[in-house]
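Read the structure below first, then the notes.
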């Protein structure tokens, strides 16, 4: 194209037409071995991918910006773009360029969008986190009702739950979707809620959420006349499910993923945990971001990707179904007691590939030979695991074992057809085993052994003609031909050989012939490589269809493998970490003996330090409340104690063992946590406002089966304001919410409430003081603290000694004024030399040691003392410190 051409070329016209249909996506436009991008797309992609931005001619007098990425490396570029919030439309060449040329020299190869790549519709292994679900969600509203549907197209999991608007943020925090479909009518309202959980909001037209159209879509997808066979779904739930299917049809261009029938979740069957609590407790992600430092990372012993995803789901959504909890506990207990079986299961499970995602890629026709092998290997290991569990006394494990059987025919087909380690892509060929197809074997022989086949034919012709010097040769003009001398040629030109050998050319000294067989062989040799690949592709499609025909049972087997893996992982964790099987029942008890925080304990163990275990007993008081008011200094472990008890409740109802000597957990319907806070500047909220918003959510929602942990309510404002808010909050939890709670505070004035509120008990974290030093014992005991030890903690933090000493003097003066009454306090504060000139700070401020004591210490040689002499020395030192 000429550089000054202002007309629109046919190719660019095609590009602009395709782009107009997808204005909100980057367009990957296939040109041979590259995906090219033009105009604004090129500028954005070049900046995001850090690749060169060039130009290609002009359009409307302006240079056309251009950049491109190789097709063979496109996945890595797609990953970068998706993580940076882009959507990508992929336009592929739908015909051979040679076919386009037949329509004229200026004809453009036909191209079409084959797929929209968005955060919630990824299936490629390199674009996904193996141990996490990749959910796409849709939120629908209808009058006062709401519903949230979700799907992971990489595994086929599909679910829906009733979700009024007030529950949207907590449910999104539970699922952690990558992308959420919302009505464009409510975009301004819901986009911030979606963004808060780190997902991308995708507005969709109102028609996408129409429940009548949605029902038709869903029935067509599963080829049923009614959805009643799957459950009783409300109209708003059908609308949410239909919006998902509509979007998948759009992004996958009619090639629907393999979806399981929808599962309707009852809101009350799972423990309710809001977004702030998940964040504070660091269930699946640390406050600093990422998996490391979270509860999930600390307890994950799974060995399969499916098991890891199931663990995250269980941890994010603990059950409130006592029967379900008991079933999970029974299975875990069996493997705790039978470590030999658990070890054999783990050894087999380590060889299990991710069948769910392999199956999904095959269903979307994005799979390769390794996905076929993943199904083969997974089902083969499943059969072995079923044998190991054949005598299991756990009903849960027995059901899982049942789902692993019955795949012998498919396993046999795949084992016979595939080599042990197939290549990644079908276009690479070489994945079908020898002996599977005679035509394929012949094509491979011709491709790989063409010379030996020709040599064999030459020997046959020499024997047939009696001409030992006969040769088969090749050139670019004649291709393969038979060559002999003129003397011997007379024999071949005469009957009966002339009927078989066809004369092609005579030279000065040689005569050249061909045969029908040789001509056919030549064609086959030249086309053998392509023919072998085409045969392999045909076999691949046959195997793919055989797998898809068994997709339902394969999916059940994959889920059973995940269940077995998770059960074994929880059993291994319980054994390794010395955890206890909790009693979980319908009571309101909450008693923990020797409870520990699994993440903190893990960190301390790495440092070689012990974790101090503590008891907790939130028994019903006379008014039905059970609250501990926990006091004690910073750094003493109050927050750890609060968090560990919330985590014990979550782990108990997830169905595993818990970090304690013993535990009795009466069913917990909700867990609320307000521990620590930070500014939310983007929404104009100070630290104190965030604290108050989170506290308000707790007081407005907690029921009598909730477990609430609150730390330092009211610390973000003035002392008396904060004390008043904390006091009123505690009274509300006791008298209105009537829930189980741990309430940590530095307001020691509140400890007097224990005498007035029958359901309240004081507890404190013990410390010791020695020679001005504070020693944290990390032990929670009954009673109340009378000091916060803030100055001592400041010294431990490294404040300059002169500052610490000044703070101590001021603290003593302020405490004295407080004891002498409010009227005197104001005068006392005014009289304090707060702004008086201070003495210059000394270079060092060592703790003074009496001279006599120093001399006595210098005379002692510890290594030379007998035990009795050491005791006598200790008495002498103590005498030197005695007054007078």
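In full-length UniProt numbering, the protein residues as written are 1 to 884.
From the three backbone atoms N, C-alpha and C, an ideal C-beta is built for every residue, glycine too.
Everything numeric in this text was worked out from a predicted model, so none of it was measured.
| Item | Value |
| --- | --- |
| In this structure, how does DSSP classify residue 483 when only helix, strand and coil are distinguished? | strand |
| Just how far apart, CA to CA, sit residue 530 and residue 112? | 26 Å |
| If you compare alpha carbons, which of 747, 657 and 375 is closest to residue 334? | 657 |
| Which residue or residues does DSSP assign as beta-bridge partners of residue 628? | 742 and 761 |
| Alpha carbon to alpha carbon, how far is residue 279 from residue 291? | 12 Å |
| Is it buried or exposed, residue 94, if we count other Cβ atoms within 10 angstroms and call 16 or more buried? | exposed |
| Under the rule that 16 or more other beta-carbon atoms within 10 Å means buried, what is residue 568, buried or exposed? | buried |
| Which two residues bound the contiguous beta strand (DSSP E) that contains residue 242? | Not the beta strand (DSSP E): residue 242 falls in the alpha helix (DSSP H), residues 235-251. |
| Got a sec, what are the start and stop residues for the alpha helix (DSSP H) residue 182 sits in? | Careful: residue 182 lies outside any alpha helix (DSSP H), inside the beta strand (DSSP E) at 179-183. |
| Excluding the 5 residues preceding and the 5 following residue 592 in the sequence, name in chain order all residues of the same chain whose CB lies nearer than 7 Å to its CB. | 615, 616, 645, 648, 660 and 663 |
| Looking at residue 336: is its Cβ nearer than 7 Å to the Cβ of residue 574? | yes |
| Less than 6 Å between C-beta atoms, sequence neighbours within five positions excluded: which residues of the same chain meet that for residue 12? | none |
| Could you tell me the boundaries of the beta strand (DSSP E) in which residue 162 lies? | 157-162 |
| Taking the alpha carbon of residue 412 as the point to measure from, which residue in 383, 493 and 402 has its own alpha carbon closest? | 383 |
| Classify residue 671: buried if its beta carbon has 16 or more other beta carbons within 10 angstroms, exposed otherwise. | buried |
| Less than 7 Å separating the beta-carbons of residue 209 and residue 232? | no |
| Per DSSP, residue 28 is paired with what? | 90 |
| Need the endpoints of the alpha helix (DSSP H) that residue 451 sits in, please. | 450-465 |
| Residue range of the alpha helix (DSSP H) that residue 755 falls in? | From DSSP, residue 755 is part of no alpha helix (DSSP H); its letter is neither H nor E. |
| Would you kindly check if the distance between the Cβ of residue 481 and the Cβ of residue 492 is under 7 Å? | no |
| Quick check: the stretch 456-476 against the stretch 546-555, are there 3 or more CB pairs under 8 Å? | no |
| Checking the sheet assignment: what are the DSSP bridge partners for residue 409? | In the DSSP output, where bridge partners are listed per residue, residue 409 has none listed. |
| Put residue 875 into one of helix, strand or coil per three-state DSSP. | helix |
| Could you give the C-beta distance for residue 765 and residue 632, rounded to a whole number, given that I count them as a contact under 8 Å? | 3 Å |
| Let me know if residue 19 comes out buried or exposed under the rule of 16 or more other beta-carbons within 10 Å of its beta-carbon. | buried |
| Let's see if you can read the secondary structure: which residues bound the beta strand (DSSP E) around residue 37? | 34-38 |
| For residue 201, name the three-state secondary structure that DSSP assigns. | strand |
| Quick check on this structure: which residue in 97, 508, 714 and 115 has the alpha carbon closest to the alpha carbon of residue 885? | Look at the range of the chain in this structure, 1 to 884, and you will see that residue 885 is not part of it. |
| Would DSSP call residue 681 helix, strand or coil? | Its pLDDT being 43, under 50, residue 681 is placed unreliably by the model, and nothing is read from it. |
| Straight-line CA distance for residue 902 to residue 118? | For the chain, the structure presents residues 1 to 884; residue 902 sits outside this window and is missing. |
| Whole angstroms is fine: what's the gap from residue 31's alpha carbon to residue 532's? | 27 Å |
| Name the one or two DSSP bridge partners that residue 272 has. | 670 |
| Going along the chain, which residues of its own chain have a beta-carbon closer than 6 Å to the beta-carbon of residue 130, five neighbours each way excluded? | 305 |
| Residue 168 and residue 193 look like a contact to me (Cβ under 8 Å); what is the Cβ gap, rounded to whole Å? | 6 Å |
| Could you pull the start and end residues of the beta strand (DSSP E) that residue 70 belongs to? | 62-70 |
| Tell me where the alpha helix (DSSP H) around residue 695 begins and ends. | 687-701 |
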